[in-house]
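Presented below is the structure to which this report refers.
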Amino acid sequence: MQVVSSIPINDLSRWDPTDLAEVTMCMTEVANSGYFMRGPHTSDLEKQLGVLLNEMKVVCVGNGTDALVLSLLSLGIKPGEKVATVANAGGYATGAILRIGAIPVLVDVELVTAQMSVASLSRQLETHPDIRAVIATHLYGLMADMQLIREITSVKGILLVEDCAQAIGASQHGIPAGAWGDASTFSFYPTKNLACLGDGGAVAFKNPKNADTCRRLAQYGWSERYVISNSDGFNSRLDEIQAAILVSRIQLLSQNNQVRRSIVARYVKALNEPRYMVHNDADDFVGHLAVMITPHQQSDIEKLNHAKVGNGIHYPVLDHHQSAWTKYFEAVLLPNSEQLVKSIITLPCFPLMTEDEITRVCDVLESL
29 MQVVSSIPIN DLSRWDPTDL AEVTMCMTEV ANSGYFMRGP HTSDLEKQLG
79 VLLNEMKVVC VGNGTDALVL SLLSLGIKPG EKVATVANAG GYATGAILRI
129 GAIPVLVDVE LVTAQMSVAS LSRQLETHPD IRAVIATHLY GLMADMQLIR
179 EITSVKGILL VEDCAQAIGA SQHGIPAGAW GDASTFSFYP TKNLACLGDG
229 GAVAFKNPKN ADTCRRLAQY GWSERYVISN SDGFNSRLDE IQAAILVSRI
279 QLLSQNNQVR RSIVARYVKA LNEPRYMVHN DADDFVGHLA VMITPHQQSD
329 IEKLNHAKVG NGIHYPVLDH HQSAWTKYFE AVLLPNSEQL VKSIITLPCF
379 PLMTEDEITR VCDVLESL
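Okay, so the sequence shown: first residue is 29 according to the numbering used here, each after it adds one.
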């Protein structure tokens, strides 16, 4: 009897032979160089990311969470000031807002795209005219409507931060994800579209002065070596091994994003209404996660499990329902976010999926 293997959502143990050779070479080169922090590979990565982001000024940092915190601090957001964000994106933005003592204001999302609702944002800006900044998360690899969000924030003089942890390489109206806002943040966690072998992140700014501030904050708040001039500073650095790996992998970003898009496109064709995938056929989608929306979440999960198709929910708990954070939110009404959390299922999607695995997932989706 043939044993049917499980299909994982992602599998970091799989390697493309060329990528493995490049990564091994990067590690050996850095080990032999003696430069382990803030060396030439980090500088090279910052320059290459800057080119990708239409000449934004980039600072590499320790991880995507630090990137969010540093973006807000570098833009001058103070304790007690309000920052708007969504509640369905894992809590990373809300956590960063709370960490600096600011006040999160939650915005609902669109049912079809799961991205920030412009209408909901507009209502919150009317209700809270003192909002200082908006964090727009590009969830699942699909960009929010940045043209409208940028227009709204610009008119009101509100700072705009893009959380691009899941959308590097996407673009909208010819403008890259990360180049619309006053600042943008990135994560290079191992499962990301551009990934290192540990934690890593970056922050990009339109204004070089903000980038200079960020660079100081990420190195203890030093104005010069051992001289602390900003009490908000802490240690957040990307090491040279991770930077070297990212420099080698950035060349494959576009190709790998296209593979992810093609996998999601296969799932789109396999599904029948009322189920559908969060996606777009345009450049503003890079397939970080393959997320299906279904009115039958629990029964569909059971069928996927029976067929040994890996699945998950990104993310199962909305920010205002997190037990540690309920005290910060009263009478929050986010009907679309509430509906989506009961409707989403994440399916396998990564560049090294086999044709057999993709076909098996499609067969299960057709049978739902």
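Every residue gets a Cβ at the ideal spot worked out from N, C-alpha and C, and that includes glycine.
Taking its Cβ as the centre, do 16 or more other Cβ atoms sit within 10 Å of residue 184, making it buried, or is it exposed? So residue 184 counts as exposed.
Roughly how many whole angstroms lie between the Cα atoms of residue 100 and residue 125? Roughly 8 Å separates the two Cα atoms.
Taking contact to mean 3 or more Cβ pairs, one atom from each stretch, closer than 8 Å, check whether the segment 154-169 and the segment 102-117 are in contact. Yes, they touch.
By Cβ distance, which residues of its chain are closer than 6 Å to residue 219, with the 5 residues on each side in sequence left out? In chain order, 38 place their CB closer than 6 Å to the CB of residue 219, counting only its own chain and leaving out the 5 sequence neighbours on each side.
Helix, strand or coil: how does DSSP classify residue 219 here? Collapsing the DSSP output to three states places residue 219 in coil.
Quick one: what's residue 359 bridged to in DSSP? Its beta-bridge partners do not exist; DSSP assigns none.
Check the Cβ-Cβ distances between residue 237 and every residue of chain D, and say whether any is below 7 Å. This model lacks chain D altogether, as it is built from one protein chain only.
So which of 300, 319, 86, 316 has the shortest CA-CA distance to residue 244? Among 300, 319, 86, 316, the Cα nearest to that of residue 244 belongs to 86.
For residue 264, which three-state DSSP category applies? Three-state result, residue 264: coil.
Can you pull the DSSP bridge partners for residue 191? For residue 191, DSSP records a beta bridge to 165, 213.
Using the beta-carbon count (16 or more within 10 Å), is residue 32 buried or exposed? That one is exposed.
Exposed or buried, which one is residue 194 when buried takes at least 16 other CB atoms within 10 Å? Looking at its Cβ environment, which holds 16 or more other Cβ atoms inside 10 Å, residue 194 is buried.
Residue 255 to residue 130, Cα distance in whole Å? Roughly 27 Å between the two C-alpha positions.
Flag this pair as touching only if the segment 286-302 and the segment 142-156 have three or more C-beta atom pairs under 8 Å; answer yes or no. Taking 8 Å as the limit for Cβ pairs, the verdict is that the segment 142-156 does not touch the segment 286-302.
Between which two residues does the alpha helix (DSSP H) carrying residue 390 extend? Taken as a continuous stretch (DSSP letters only), the alpha helix (DSSP H) holding residue 390 covers 383-395.
With DSSP collapsed to three states, give me the class of residue 54. DSSP places residue 54 in helix when its eight states are reduced to three.
Short of 6 Å in beta carbon distance, which residues of its chain neighbour residue 174, apart from the five on each side in sequence? Order them along the chain. For residue 174, same chain residues with a beta-carbon under 6 Å away, outside a window of 5 residues either side, are 200, 208 in chain order.
Distance between residue 396 and residue 230 (C-alpha atoms, nearest Å): Each residue's CA atom was taken as its position, placing residue 230 and residue 396 some 40 Å apart.
Can you say whether residue 64 is buried or exposed, counting buried as having 16 or more other CB atoms within 10 angstroms of its CB? An exposed status is given to residue 64, since fewer than 16 other beta-carbon atoms sit within 10 Å of its beta-carbon.
Compare the beta carbon distance of residue 281 and residue 228 with 7 Å and say whether it is the shorter of the two. Remark: C-beta atoms of residue 281 and residue 228 do not approach each other more closely than 7 Å.
Complete beta strand (DSSP E) runs within the segment 221-252 (minimum length 3 residues, chain order): Positions of the beta strand (DSSP E) runs, each at least 3 residues long and wholly inside the segment 221-252, are given as 229-233, 250-252 in order along the chain.
Comparing alpha-carbon positions, which option in 155, 108, 190, 353 lies nearest residue 178? Closest option to residue 178, Cα to Cα, is 190.
Would the beta-carbon of residue 284 fall within 7 Å of that of residue 379? Their beta carbons are under 7 Å apart, which means residue 284 touches residue 379 by this criterion.
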